[in-house]
Each structure stands twice: as structure tokens, then as C-alpha cells.
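Q: Let me begin by handing over the structure; questions about it come next.
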Amino acid sequence: MIAKIIVDNKSKQVDKPFDYLVPKELEDKIKIGSRVLVPFSSGNREIEGFCVGTADTSDSKRLKSIIRTANDSIGFDEDMLELIEWMHKKYLASYLDIIHTIVPSGTALKTKEWIILENKSEEKSEIRRRITEILTDNGGSMEFKELKEMCGVDIQNQVRAMIKEGTLKKEYRQSVDIKDKKIKCVKLICDRETALESAENLRRKAPVQAKMLEVLSENEYVSLADLQKFTNGSHSTVKALEKKNLVNVFDMTVERDPYWNRVFEKTEKMVPTPEQEYAIDEITNSVKSGDGGIYLLHGVTGSGKTEVFMQTIENVINMGKSAIMLVPEISLTPQMVSRFMSRFGGRVAIFHSGLSAGERYDQWKKIRDGEADIVIGARSAIFTPLKNIGVIIMDEEHSDTYKSDMSPRYHARETAIFRASQFGAAVVLASATPSVESYYKAQTGEYKLLEMNTRYNKNKMPEISVIDMRSELEKGNKSMLSGKLYNEIEENLKRGEQTILFLNRRGFSTFVSCRSCGYVPHCPNCNISLTYHKFEDKLKCHYCGYERPNYKLCPKCGSNYIRYFGGGTQKVEDELNRLFPNATTVRMDMDTTGKKQSHEKILQKFEKDKIDILIGTQMVAKGLDFENVTLVGVITADTMLNINDYRSCERTFAMLEQVSGRAGRGSKEGRAVIQTYTPEHEAVSLVKSHNYRTFYDKEIAKRKLMWYPPFCKIVSVHFQGNVENIVAKTAKYFLNTAEKTQNISQKIQILGPVPSYISKIKNKYRWQIIFKCEDDDNLGEILSQAEMTCRKNKEFSDVAIIIDKSPGMIN
DNA sequence: AGCACGCCGACT
DNA sequence: GTCGGCGTGCTC
Numbered sequence: 001m002i003a004k005i006i007v008d009n010k011s012k013q014v015d016k017p018f019d020y021l022v023p024k025e026l027e028d029k030i031k032i033g034s035r036v037l038v039p040f041s042s043g044n045r046e047i048e049g050f051c052v053g054t055a056d057t058s059d060s061k062r063l064k065s066i067i068r069t070a071n072d073s074i075g076f077d078e079d080m081l082e083l084i085e086w087m088h089k090k091y092l093a094s095y096l097d098i099i100h101t102i103v104p105s106g107t108a109l110k111t112k113e114w115i116i117l118e119n120k121s122e123e124k125s126e127i128r129r130r131i132t133e134i135l136t137d138n139g140g141s142m143e144f145k146e147l148k149e150m151c152g153v154d155i156q157n158q159v160r161a162m163i164k165e166g167t168l169k170k171e172y173r174q175s176v177d178i179k180d181k182k183i184k185c186v187k188l189i190c191d192r193e194t195a196l197e198s199a200e201n202l203r204r205k206a207p208v209q210a211k212m213l214e215v216l217s218e219n220e221y222v223s224l225a226d227l228q229k230f231t232n233g234s235h236s237t238v239k240a241l242e243k244k245n246l247v248n249v250f251d252m253t254v255e256r257d258p259y260w261n262r263v264f265e266k267t268e269k270m271v272p273t274p275e276q277e278y279a280i281d282e283i284t285n286s287v288k289s290g291d292g293g294i295y296l297l298h299g300v301t302g303s304g305k306t307e308v309f310m311q312t313i314e315n316v317i318n319m320g321k322s323a324i325m326l327v328p329e330i331s332l333t334p335q336m337v338s339r340f341m342s343r344f345g346g347r348v349a350i351f352h353s354g355l356s357a358g359e360r361y362d363q364w365k366k367i368r369d370g371e372a373d374i375v376i377g378a379r380s381a382i383f384t385p386l387k388n389i390g391v392i393i394m395d396e397e398h399s400d401t402y403k404s405d406m407s408p409r410y411h412a413r414e415t416a417i418f419r420a421s422q423f424g425a426a427v428v429l430a431s432a433t434p435s436v437e438s439y440y441k442a443q444t445g446e447y448k449l450l451e452m453n454t455r456y457n458k459n460k461m462p463e464i465s466v467i468d469m470r471s472e473l474e475k476g477n478k479s480m481l482s483g484k485l486y487n488e489i490e491e492n493l494k495r496g497e498q499t500i501l502f503l504n505r506r507g508f509s510t511f512v513s514c515r516s517c518g519y520v521p522h523c524p525n526c527n528i529s530l531t532y533h534k535f536e537d538k539l540k541c542h543y544c545g546y547e548r549p550n551y552k553l554c555p556k557c558g559s560n561y562i563r564y565f566g567g568g569t570q571k572v573e574d575e576l577n578r579l580f581p582n583a584t585t586v587r588m589d590m591d592t593t594g595k596k597q598s599h600e601k602i603l604q605k606f607e608k609d610k611i612d613i614l615i616g617t618q619m620v621a622k623g624l625d626f627e628n629v630t631l632v633g634v635i636t637a638d639t640m641l642n643i644n645d646y647r648s649c650e651r652t653f654a655m656l657e658q659v660s661g662r663a664g665r666g667s668k669e670g671r672a673v674i675q676t677y678t679p680e681h682e683a684v685s686l687v688k689s690h691n692y693r694t695f696y697d698k699e700i701a702k703r704k705l706m707w708y709p710p711f712c713k714i715v716s717v718h719f720q721g722n723v724e725n726i727v728a729k730t731a732k733y734f735l736n737t738a739e740k741t742q743n744i745s746q747k748i749q750i751l752g753p754v755p756s757y758i759s760k761i762k763n764k765y766r767w768q769i770i771f772k773c774e775d776d777d778n779l780g781e782i783l784s785q786a787e788m789t790c791r792k793n794k795e796f797s798d799v800a801i802i803i804d805k806s807p808g809m810i811n
């Protein structure tokens, strides 16, 4: 018996099945999806592989044998193999990348090379003597990497020679590295009084140490990371305290609890409205018949889509089938998770990238073993080994988080439709603002359209005011808040109702500039200006994370006239605290939600402590549902419009509709104030009447005229490398090669090659070519071949070529 | 990706 | 002569 094996080696050239002999005793164990250990390449290195097929004969002459199975319970099934083949073709991704996204990471076998001292002999050279010496000191055997490090030089050749002579022996040892999750914690090992006394004594000489002692005396233990953050200290500060025998650093095992220790009360289902009932029935019937219907559920914000999902899923479960519920980013939708948990309890598994390897593994096993029949999660949940799928629901189907920006560059919507087709399952794409592409498919009959036009409790849609910020400026109002928004906030404070302010930019100022010479500080690694963060008084790069202290004087001309342009969330918070000193505010953006669960904590705080104003970026736009929020303010609606992508209008409209939908979800009516510099723009003006349909009609006409999706397909190719002109040269060579291809019989439009919008990130220069075409599968093959041709050219070896068949953002 | 093989210059 | 550095090509 022959097994076809994809070996775990990240190289395009070996990303194909290799034939191996299956030993007799393994024959009934090895099937599709099995994980095995195989000898590979000249040194017969032992590496892991995945079986993607079996055969009786092979064309290769010199076959090697599979050594053994490895962690065999965590592989994949035949239906997953179909998915792998489909993605390999569709997204031009390597088998290995795809396999790695569908089997839980961390369960992989890690092979390590060990060197064992067999017998001591008189060594002639210095370096050989050292090798034997180090090995002897370490008990006669060591990991090769470690040995190499201790020697400090490349010992490859010597070791090889010594193995030949029989002095040393090489051995492969495997390990799996899912372990208990542990974090470093710090606690006092003296009594509280001693700690505070020491803190007093250290106050002048070592203020950070003193601060740490104070923090520790108030807590039983504190995680090392938190302690350093609170006190602005470093590991060495903790070490100093350890030396003084005041504190102790220890490992604490933390539980893998993806449900964040919450208790869920069981809730009863609501009585559906006629619109909801119709949708539930339609989908349920489709699941029952197994006809694989694809539905576009277009429901206005607050129309009760979640209840439709839950009742549909309940019906599906009652049929003995399972369901996948996809949400844009699970950490942003804790409310959705808790509603599902409370309704369905332990039958729910959750799956998203925020889980630790261990948590992920536990959830994965739960799904595979059939202990869960509902999976709720972000885009990667589409790959969980759920059986007998009845329905796949995708909430906020227009969201760009469904597109993977790493290989495999899949779109979860397309993948969901493929997965569903394997099971004859129904697909439900839901949104208040569907993507233009999906709505078009609903118009042409490819998807079935379900509409829900009224809000669940017959609430009115929030009343929207669009404020022209140009006239505010003319009136002499230079602040970030228009008169209208100011008044509305004041009104809300008086009434004791809550407000959400939205601004798509974090930090304090978008860029900093010297008033006398015009100098603008840029990131040294990226071609982008630095953002000022006031509370830390730092300049930060939002692309690579670079940061430096703020300039007191202009580094170029020495002037102290430094001006801060544009506003971010920090500036809004600053201004609010000044204008409404008695109001409580909380900010939610990448800077405040760095840690796991902090999203949720901020939201809980907002709800429980009745914080007056929540200020946030993107992340406040999605799925939040608070009774007492009656006012939503959008500080600048234009930021997204100015991005040069054909979807910028669509995104702006969706974002504004989404954000304003956060207001008035309870019994009180909601208002939204949208500030803009382009009030005449339809993406802005049509939100006022919540008229998706009119917006769609205008947008689709534009797309048709300009030949953009859904009327064409787009494929982007990116080039990244260390030397700018080589990157450019590669791009040109690539295009040349692709254009020489004979079998292009379709209409193609090419934009580029040009430098990317941000032409350098993390010291890598970036170029791009955008292809518009009729058939992206055909074009993809051509481009993939052009890539291979470029790969063969040594000059371009430094340049990464990335082909993306449904690019998230093109600019 | 890693590893062997092979070619070439430098050093005991 | 031999050691070690790097370019090239293959991996069932």
C-alpha cells in the first residue's frame, strides 16, 4: 500500500503529495487525514506529514516507508480533504497552509535533532575537542541547536564528520507542545507591613520598586505583565525585589475557559413577528429538504435577526443536524455569544483566533467528538470538523473581517457556501447593509432574498442629523464637536441617558508637524507619518508598532512651534473631559483593548457603571445592544470615503448605518448625529432615510459603468522586498511574463505596476498590480504560473509575491 | 526549508 | 593536500 503524504515543510517546491510505503502493521491505521512521521530528504530527517490519499502503486522508484503514525486522533476527514483541494485551487494556497488552518495548531509534532556522544576519541582540532567537552558536560547528549549555540560557530561540518567516524550519533526526538497555560505571577513573600515599610524606604532611590510593593500589598498576587504595566516597571525591577527577598515570581496555571468564567441564565425564546416567522420557516424548510438554498437576510438594525438565527438553529438541532454561526469578530460580539450560551448551553462550542492554542484544541475536540452541535465563531470556525451541517449563518455578511489576509487568503462567505454544498445545508447571509455583491446575487436570483423592515419592538429607526462641518468652521467652531452634537450630548447627560461616539482613528493626532519648517515625523520603518498619543506623550506608528518619545523641539529646525493635526479617539476624550467635566467617559480602541477580554470588561463597565459616554473606533460599531443608549455621534464620517477603494462608499454607508443603529434599541427613541465635510455624498445623505435600496441602486449603476465587482472579478498581486528597485523590477517582470501567456481569451484590465498606497511597511518596499477580469480562476492560473517563472529567477529571490483572488482592500 | 554535493580559495 | 565557505539542486 502506498500513501500520498503532504510533508510539513514550508516550501512551495515540496508542497505536493509524496508517495510512501505503508508498513503492513500500519495499513489499517493509515487513511485520508492521518498524521504520520516520515523520513524526508537526503538526511532522512524525520518530519510530520498528512495523508491525502492512498494507492496500490507508485511511479517513484525509490520509496521510503512511513515510520509511524503521529497524534493520529487529530487529523481530518474526507469531506475536509475536498475542502482542502477546493481551497488549493481557488485561493492558490499551499496544501500545508490550508492544512495548518484546519487542524488545531500546537498539536503538530516538533522534531528536534539530538546529538549523542558515542565514544570518546582523541580529537585533533580545537573545535572538535570543544564539542566533545560540551557534550560530556551535559550528560553525553544535547539538542543540536543548543550545542551549536554553545559553540558559537557553525559546527555543521564537524558534527557530520564525527558522525561518519562514529564518535557521535544523531537522533530525532519528537514532542507535542500543547501544555497547561501558565502565566508568570508575582506575590509578596514578606508580610504587608514589611512591604509597606520597604516601600517607604525605597521611595526616593527606587520609586518603581516602591510602587510595585504597594500594588502587591493590595493584592494576593498580580501577573508579572500587569505589574509592569501598572508601575511602568520592567522585569529587572521585579528581579531587584526578588533579590531583596520581598517578592516571589511563580508560574500559575490558568484554566482554559473560552467562556470567560461567565454564568449564563437560560432565556426563553421570544414570540416572532410575522417577518421573523416567515424567515424562520423559509430557512427551516430549506434545511429540511436539503436543497442547499442560499438566503440573503436583509433586516434593518434592531429587526431581531439574532432571534431568527436562534430559532432557526433550534429547528435545525431538532432535526438532528448541526449549525455554524459566523460572526465578524467574536471578541466584539460578547452579547451574541451570551445569548447563544444562555439559550443552548453546553451544546455550543466557540471558536476564534483569540483562543489560546489549548482552548482552541479543547473546543476543536468537543466539535469533532460530536459533543457540540452549534459552533459560534469568527471566520476560522468554518473549518471546524462539524458533521451533518444543516445550516451556516453568517451575521454581518458585508464585514471585511470575513476575508483572511494571510495564506490561505480565503473569503469565509465563499468557503461557507462550499462547506454547505457538501452537506446540502442552507446558507444564511444576514446584514442590515448587505455587500453590494451579495445583494446583486439576490437580485439575479442566485440568492433568495428575505427582508425584515421593521424593528422588533416597533421602535422607530433613530432620527439622523447630518452636520456640515465646513459651515461649523465658518462659524468659528474649531473643535471636534459641532454645536448640534454638543447640545445633544448635554441633553443626554441631563436625562441620564448614554451616548456612543464613533471615530475611526485611534491616538490623539493623526500627524504632527513643525509650524516653522513643515517637518512631519515619519516612521523609520514604514512610509507613514507617526501618530501622537497624548497620554503616553509618544509618537507611534500604527503599522509596525514603532514608538518614540514625543519631540519637544522640531528635530530639523529646533523650533518649538509643533502643531497637532487631525483628531483621534484620545483627542475626543480629552475634549469631552474639558467640555463636560462632570461626565464619565470610557475609551475603546486598540490601545485600551490590548489584553484579552478587555473589550468585554469595557463594555460591562459601560453598562453597569452607567458611564455617560463611550468613545471608540470600528469596534463600537458592531453588534452592541444597550437599552440606555439613545445618542450616537459620528465625529467624522469622511475618513473611510477618502480611501481609494471601489468599496469605500459601500463601507461608509454600512458603517454609518451600523453605528447609528446602536441608538434607541430599548424603549426610548434614538438619535444619531453624523458630522461630515461632504454632506452631499450619497453614502452619507442616504443614511438619513435609512434607505439601503436607493443606495444600492446608485452604487450598482456606478459599478456597472466603471466595470467593478460584481460585474468583474479582481485579483491583486503584491510584491514585497528589501530593495525598492528590485521589487519594482520583479513586478514589471511578472506582468511581462503574464502578458506573454497565449491562452488569455477574456477581457482583462490591468492597473499597475505601481508602488502600494503605503509604499513601505516594516522596512519592506511594496508594489502592486491590480487585475480586473471576467474569470478570476483562469487568470489566477496564469498569474500563478507567472509567479513560478519569477521564482526561477535568482535575482527576484528576495521578493515575496502574493496573489489574492478576493482582495480585502485595493488601493 | 534543510541538506548534500561540488567547486574554489586559504592555510598548515 | 585539507578545511571551510557558498552556490545549486533535490526531496517520494
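Taking full-length UniProt numbering, the leading residue of the first sequence gets 1, the next gets one more, and so forth.
Heads up, the beta-carbon is just placed ideally off N, CA and C, and yes, glycines get one too.
How do the region 320-327 and the region 387-399 stand: do at least 3 beta-carbon pairs fall below 8 Å, yes or no?
A: yes
Q: Less than 8 Å separating the beta-carbons of Leu-147 and Ile-134?
A: yes
Q: Tell me the rounded alpha-carbon separation between Ile-802 and Glu-787.
A: 9 Å
Q: With DSSP as the reference, label His-542 as helix, strand or coil.
A: coil
Q: Report yes if the C-beta distance between Val-512 and Tyr-564 is below 8 Å; otherwise report no.
A: yes
Q: So which of Lys-90, Ile-613, Ala-663 and Val-727 has the shortest CA-CA distance to Val-301?
A: A quick correction: the sequence has Thr, not Val, at residue 301. Checked all of Lys-90, Ile-613, Ala-663 and Val-727; the closest Cα to Thr-301 is Ala-663.
Q: Where does the unbroken alpha helix (DSSP H) through Ile-99 begin, and where does it stop?
A: First-last of the alpha helix (DSSP H) with Ile-99: 95-102.
Q: Whole angstroms are fine: how far does the CA of Leu-224 sit from the CA of Asp-251?
A: 10 Å
Q: Quick check on this structure: which residue in Met-809, Leu-641 and Phe-18 has the alpha carbon closest to the alpha carbon of Thr-54?
A: Phe-18
Q: Can you pull the DSSP bridge partners for Ala-426?
A: Val-391
Q: Please return the same chain residues whose Cβ sits closer than 6 Å to the Cβ of Ile-810, not counting the five positions on each side in sequence.
A: Hits under 6 Å: Asp-645, Ser-716 and Ile-770.
Q: Tell me, to the nearest whole angstrom, how far the beta carbon of Tyr-410 is from that of Met-87; I am working on the premise that it is less than 8 Å.
A: Confirmed, Cβ separation roughly 6 Å.
Q: Between Val-7 and Phe-796, what straight-line distance do the alpha-carbon atoms span, to the nearest angstrom?
A: 26 Å
Q: Quick one: grab the DSSP three-state call for Arg-766.
A: strand
Q: For the region 686-702 against the region 752-769, do three or more pairs of beta-carbon atoms, one drawn from each stretch, fall closer than 8 Å, so that the two count as touching?
A: no
Q: Can you find the residues in the same chain that come closer than 7 Å, C-beta to C-beta, to Pro-408, ignoring five residues on each side of it along the sequence?
A: Result list for Pro-408: Met-87, Tyr-91, Ala-93, Asp-97, Ile-98 and Thr-101, in chain order.
Q: What does a CB cutoff of less than 8 Å around Pro-679 pick up in its chain, not counting 5 residues either side in sequence?
A: Val-466, Ile-467, Asp-468 and Ser-685
Q: Candidates Ser-217, Lys-184 and Val-208: which alpha carbon is nearest Thr-231's?
A: Between Thr-231 and the set Ser-217, Lys-184 and Val-208, the nearest pair of CA atoms involves Val-208.
Q: Would you mind working out which of Asp-373, Arg-360 and Tyr-361 sits nearest Met-341, comparing C-alpha positions?
A: Of Asp-373, Arg-360 and Tyr-361, the residue nearest in Cα terms is Asp-373.
Q: Can you find the residues in the same chain that come closer than 7 Å, C-beta to C-beta, to Leu-63, ignoring five residues on each side of it along the sequence?
A: Annotation for Leu-63: Asp-19, Tyr-20 and Leu-21 place their beta carbon closer than 7 Å to its own, counting only its chain and skipping 5 residues before and after.
Q: Smallest Cα separation from Leu-614: which of Thr-499, Gln-570, Cys-514 and Phe-711?
A: Comparing Cα positions, the closest option is Thr-499.
Q: Taking just the CA atoms, how far does Ser-756 sit from Gln-785?
A: 23 Å
Q: Output the distance between the C-alpha atoms of Lys-729 and Ile-748, rounded to the nearest integer angstrom.
A: 22 Å
Q: Using the Cα positions of Leu-656 and Glu-397, report the straight-line distance between them to the nearest angstrom.
A: 16 Å
Q: Taking the beta strand (DSSP E) that His-533 falls in, what are its first and last residues?
A: 531-533
Q: Between Ile-643 and Thr-284, what straight-line distance do the alpha-carbon atoms span, to the nearest angstrom?
A: Between Ile-643 and Thr-284, the C-alpha separation is close to 41 Å.
Q: Could you check if Arg-470 is buried or exposed, using at least 16 other CB atoms within 10 Å of its CB as the buried criterion?
A: exposed
Q: Taking Cβ to Cβ, would you say Ser-217 is nearer than 8 Å to Leu-188?
A: yes
Q: How would you write the range of the alpha helix (DSSP H) that Gly-33 sits in, first residue to last?
A: That residue, Gly-33, is in no alpha helix (DSSP H); it is neither H nor E in DSSP.
Q: Let me know the secondary structure DSSP gives Pro-207 once reduced to three states.
A: helix
Q: Please name the residue in Glu-197, Tyr-278, Arg-204 and Cys-185 whose C-alpha comes closest to that of Asn-219.
A: Cys-185
Q: How many Å lie between Tyr-692 and Arg-587 at the Cα?
A: Whole-angstrom Cα-Cα distance: 30 Å.
Q: Thinking just about the alpha-carbon of each residue, which of Arg-665, Arg-647, Asn-722 and Gly-666 is nearest to the one in Ile-714?
A: Arg-647
Q: Short check: CB of Trp-114 to CB of Glu-46, under 8 Å?
A: Between Trp-114 and Glu-46, the CB-CB gap reaches or exceeds 8 Å.
Q: Would you kindly work out how many angstroms separate the C-alpha atoms of Ala-442 and Leu-296, rounded to a whole number?
A: 7 Å
Q: If we count the other Cβ atoms within 10 Å of its Cβ and call it buried at 16 or more, is Asp-369 buried or exposed?
A: Classified as exposed, Asp-369 has fewer than 16 neighbouring CB atoms from the shown chains inside 10 Å of its CB.
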